[in-house]
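The structure appears below as structure tokens.
Protein chains: 2
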Amino acid sequence: MQDLASRLGVSRSTISRALRDDPQIAALTRQRIQELARELDYRPNAAAQALTSRRSGVVGLLLPRSSSFVFANPYFSELLQGLSDVAEQQGYPLMFSTALKPPYEAWLREGRVDGLITLGSSVSDEDVVLLNQLVNQGYPVVVIHAAPRALKAVTIGSNERAGIWQALSHLAQLGHRRVVFLAGPRHSRYARKREHAYWSGVDTFALEKDERLRVYGDDTQLGAYQQIQRLLDGEARFTAVLADNDLSAIGAMKALQDLGYRVPEDVSVVGFDDIVLASVVQPALTTVQQPVNELGRRAMSAVLELIAGRKLESLRLATRLVVRQSTAIAKESA
Amino acid sequence: MQDLASRLGVSRSTISRALRDDPQIAALTRQRIQELARELDYRPNAAAQALTSRRSGVVGLLLPRSSSFVFANPYFSELLQGLSDVAEQQGYPLMFSTALKPPYEAWLREGRVDGLITLGSSVSDEDVVLLNQLVNQGYPVVVIHAAPRALKAVTIGSNERAGIWQALSHLAQLGHRRVVFLAGPRHSRYARKREHAYWSGVDTFALEKDERLRVYGDDTQLGAYQQIQRLLDGEARFTAVLADNDLSAIGAMKALQDLGYRVPEDVSVVGFDDIVLASVVQPALTTVQQPVNELGRRAMSAVLELIAGRKLESLRLATRLVVRQSTAIAKESA
DNA sequence: AAGCTAAATGCTAACGTTAACGCAACCGAT
DNA sequence: ATCGGTTGCGTTAACGTTAGCATTTAGCTT
Chain A
1 MQDLASRLGV
11 SRSTISRALR
21 DDPQIAALTR
31 QRIQELAREL
41 DYRPNAAAQA
51 LTSRRSGVVG
61 LLLPRSSSFV
71 FANPYFSELL
81 QGLSDVAEQQ
91 GYPLMFSTAL
101 KPPYEAWLRE
111 GRVDGLITLG
121 SSVSDEDVVL
131 LNQLVNQGYP
141 VVVIHAAPRA
151 LKAVTIGSNE
161 RAGIWQALSH
171 LAQLGHRRVV
181 FLAGPRHSRY
191 ARKREHAYWS
201 GVDTFALEKD
211 ERLRVYGDDT
221 QLGAYQQIQR
231 LLDGEARFTA
241 VLADNDLSAI
251 GAMKALQDLG
261 YRVPEDVSVV
271 GFDDIVLASV
281 VQPALTTVQQ
291 PVNELGRRAM
301 SAVLELIAGR
311 KLESLRLATR
321 LVVRQSTAIA
331 KESA
Chain B
1 MQDLASRLGV
11 SRSTISRALR
21 DDPQIAALTR
31 QRIQELAREL
41 DYRPNAAAQA
51 LTSRRSGVVG
61 LLLPRSSSFV
71 FANPYFSELL
81 QGLSDVAEQQ
91 GYPLMFSTAL
101 KPPYEAWLRE
111 GRVDGLITLG
121 SSVSDEDVVL
131 LNQLVNQGYP
141 VVVIHAAPRA
151 LKAVTIGSNE
161 RAGIWQALSH
171 LAQLGHRRVV
181 FLAGPRHSRY
191 ARKREHAYWS
201 GVDTFALEKD
211 ERLRVYGDDT
221 QLGAYQQIQR
231 LLDGEARFTA
241 VLADNDLSAI
251 GAMKALQDLG
261 YRVPEDVSVV
271 GFDDIVLASV
281 VQPALTTVQQ
291 PVNELGRRAM
301 SAVLELIAGR
311 KLESLRLATR
321 LVVRQSTAIA
331 KESA
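Top line first, the protein sequences correspond to chains A and B.
Counted the way my numbering counts, the first sequence spans residues 1 to 334.
Counted the way my numbering counts, the second sequence spans residues 1 to 334.
See below:
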């Protein structure tokens, strides 16, 4: 830098300003400086910049420890893609970790990152306290997806209730009255939310309300397979299954097929999420699509806004029902 | 920091050293300092540390621009997992970008990262020049997977040739003589490598050598589907298909089934990679598994070694044949 | 008890930028 | 001509650490 300065007979501040496109510097000078800098292949040192400007120029991405789950989920790929699209475009690199508590604080407090993005589903009750502290201290924190009510951070999610309703409405229109709801883990936050949406949808679309139609699963293919098996062994009758995630829906479909039912002729199946697999299975799965890529983009934009000092509201994006081949007009019984 | 120092009546250097576990500092002092630091919740500023120590404590991960491809690939999830496992464990955060040329240099030269990991398959000829420059300048660079010969960086890959041979050997043992090879894009580097392995394997296992049995695809399901369709329209006969990646294998299987062939009774199919989907499809795919997670772990360890100043050789991990249900004893003709 | 060594800590000057302030030169208006 | 207001750039002092060397203290040796 000194070298640059003396070669051009200007001060280092001028160099600094010119390279950051400070309008205070005359256009001509700026141009000459930038040219020479390119020629000498000079790069300002990031650490020094961070030190004085109090900006690292990096956004942190914190993923749940049970990352096997996250990474393996194709859903996550899309999210990452959305995030990094915006990140790249804005020249704000992403730093990520799959660790737990320490980084939450450390990265922000050490000035490693200017803001934080994390997944709501991975936020434990304990984390809520920590995150709230950070938010109160003014650190930019954005949470993607269903976050606990108590969390003060800006949340970017999708309207899951509306999504469940879209599915139920579709089934109701096809004449289904008895719709099984394959819920997630009984005590998970988002599972409760989706279940709640189911019950209110049952009312709204005048479906039959029957506790036996709601079964708790674990959001895996195998779990769903077993739940459906058990259900068919019992006496509850139904003509459609709505799963609160795609993997469950696919497991359910498999169980039905293995037990001699045709999908969708005998039983219709609807999923939730629209993972890649959904369009690959036979028959292709009708499902509620979450705008995952968009969620990622918005989340990244949101942190950047917060970092820039603007205030922001939480956001809910709309879901979309993707009708494929796993749903059809209801049969008499099943 | 100053605060800490005056409270304990020691100098800042002592604080600094104690917090970094410098053995120069008496054990007792060290302990007292660390305790008070925890109590006051003091965190050394990362930027300042980076500035003086000339270490950012971050490793960069550069992914191809066509990241839709990468992210969507389940294969990638595992890799990421391996990388971040080690990263986390060593307290060396990963920073990633999907951008093109600039970050290669910029991140290293600006001191944003101490080392770089990138995917061999995404390295263009132009990149080779750039990366070699960096390597020659002593920057730690590690490439995962098939990298061009000309690249000087440390490479962590798997032994693909051996993998192809494992597959061919398996088929040969089952009595197959005419094995179709579904190659990747005609001019891609790794596709050529795998094809080469196929031909030499054909010799080794005394399979029939027939140019018509090698068809170029594009590594997608649809592409493979069409290739197989075309092949079946022609006059070339075969009893097995070896695809150079799982997606192709799955597409091939679908084509065979749609055209009335049974897998594996009529035709055996073998894939390469062992993506998650491979065990889900019907019939479950026999495939060559790459130790992807392990590749990630090794790669991360490798950069850290390089950063620590040690010298390192490139590495080739062994693949493993996973026999599932898509292969069986050869039938007379097909 | 003096001298010497080793251990533990302090002092000072970086590290490479940016930000705040200051100042000169120039502009146009009176 | 004088004056306020810009515009464009230089000066200086941080930013929060760490590294190298200097210094003190304690521990041995003779």
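Virtual Cβ for every residue (Gly too), placed ideally from N, Cα, C.
Proximity winner among the options, relative to residue i (alpha-carbon distances)
i      : options                           : result
A/L315 : A/R194, A/A153, A/R43 and A/L277  : A/A153
A/A284 : A/V86, A/S326 and A/P103          : A/S326
B/K209 : B/D219, B/T220, B/Q221 and B/H196 : B/H196
B/L312 : B/Q90, B/S13, B/A299 and B/Y225   : B/A299
B/L213 : B/R32, B/A18 and B/G234           : B/G234
A/R149 : A/D127, A/A252 and A/A167         : A/D127
A/G201 : A/S188, A/R177, A/G82 and A/A50   : A/R177
A/D244 : A/Q2, A/S122 and A/R189           : A/R189
B/V288 : B/L247, B/L83, B/A50 and B/E265   : B/L247
B/G271 : B/H187, B/L231, B/Q166 and B/A308 : B/Q166
B/D266 : B/G120, B/R324 and B/R237         : B/R237
B/G120 : B/S77, B/Q49, B/L231 and B/I156   : B/I156
A/R308 : A/F205, A/Y225, A/E211 and A/D114 : The sequence shown places Ala at residue 308 of chain A, not Arg. Selected option, being the one with the closest Cα: A/D114.
B/L168 : B/H187, B/A206, B/K193 and B/L83  : B/A206
B/D41  : B/L8, B/S77, B/S53 and B/M1       : B/M1
Environment of residue i [buried if 16+ CB atoms lie within 10 Å]
i      : result
A/N136 : exposed
A/V303 : buried
B/H170 : buried
A/A26  : exposed
A/G91  : exposed
B/L51  : buried
A/A147 : buried
A/H145 : buried
B/S67  : A caution first: B/S67 carries a pLDDT of 45, below 50, which makes its placement in the model too unreliable to give a value.
A/Q49  : buried
A/S46  : For the record, residue 46 of chain A in the displayed sequence is Ala; it is not Ser. Counting Cβ neighbours within 10 Å, A/A46 comes out buried, since at least 16 surround it.
B/R194 : buried
A/D22  : exposed
A/S11  : exposed
Beta-carbon proximity of residue i to residue j, cut-off 8 Å
i      : j      : result
B/D259 : B/G217 : Per the sequence shown, the amino acid found at residue 259 of chain B is Leu instead of Asp. Going by C-beta atoms, B/L259 is not nearer than 8 Å to B/G217.
B/A140 : B/L306 : For the sequence presented, residue 140 of chain B should be read as Pro rather than Ala. Result yes, Cβ atoms of B/P140 and B/L306 sit closer than 8 Å.
A/V143 : A/L130 : no
B/I250 : B/Q221 : yes
A/V241 : A/V322 : no
B/P44  : A/E110 : yes
A/L79  : A/L256 : no
A/Q81  : A/N293 : yes
Proximity test, residue i beta-carbon vs the ligand ZN heavy atom, cut-off 7 Å
i     : result
A/D85 : Absence of the ligand ZN from the depicted structure is noted, as is the absence of any ligand whatsoever, leaving it without description.
Same chain only: Cβ atoms within 8 Å of residue i, ignoring 5 sequence neighbours per side
i      : result
B/F96  : G60, L61, L62 and L63
A/A318 : S158, N159, A162 and P291
B/R112 : S56, V58, G60, M95 and A106
B/P103 : G60, L62 and S97
B/P185 : A191, Y216, G217, D218 and D219
B/D203 : K209
A/K254 : Q221 and Y225
A/Q229 : A255 and L259
Beta-carbon neighbours of residue i, restricted to chain A and to distances below 9 Å
i      : result
B/P283 : Within chain A, no residue comes near B/P283; the closest Cβ sits about 13 Å away, beyond 9 Å.
B/G111 : R43, N45, A46, A47 and A48
B/M95  : V58, P93, L94, M95 and F96
Proximal residues to residue i (C-beta, below 7 Å), its chain only, five neighbours per side dropped
i      : result
B/A262 : Before going further, note that residue 262 of chain B is Arg rather than Ala in the sequence given. Cβ within range, chain order: n/a, list empty.
B/L174 : S268, T327, A328, I329 and A330
B/S16  : none
A/L108 : L116, L134 and Y139
B/A18  : I25, T29, R30, I33 and Q34
B/A37  : L4 and L19
A/D85  : R297
Close beta carbons around residue i, own chain, < 6 Å, minus the five adjacent residues each side
i      : result
A/S6   : none
A/S122 : P64
Neighbour list for residue i in chain B, Cβ cutoff strictly below 7 Å
i     : result
A/S56 : A47
Amino acids of chain A, ordered along the chain, whose beta-carbon sits closer than 7 Å to that of residue i
i      : result
B/T98  : S84 and E88
B/A243 : Simply none; closest approach about 16 Å.
B/L51  : A47, A48 and L51
Residue i: contacting residues in chain B (beta-carbon distance under 8 Å)
i      : result
A/A106 : R43
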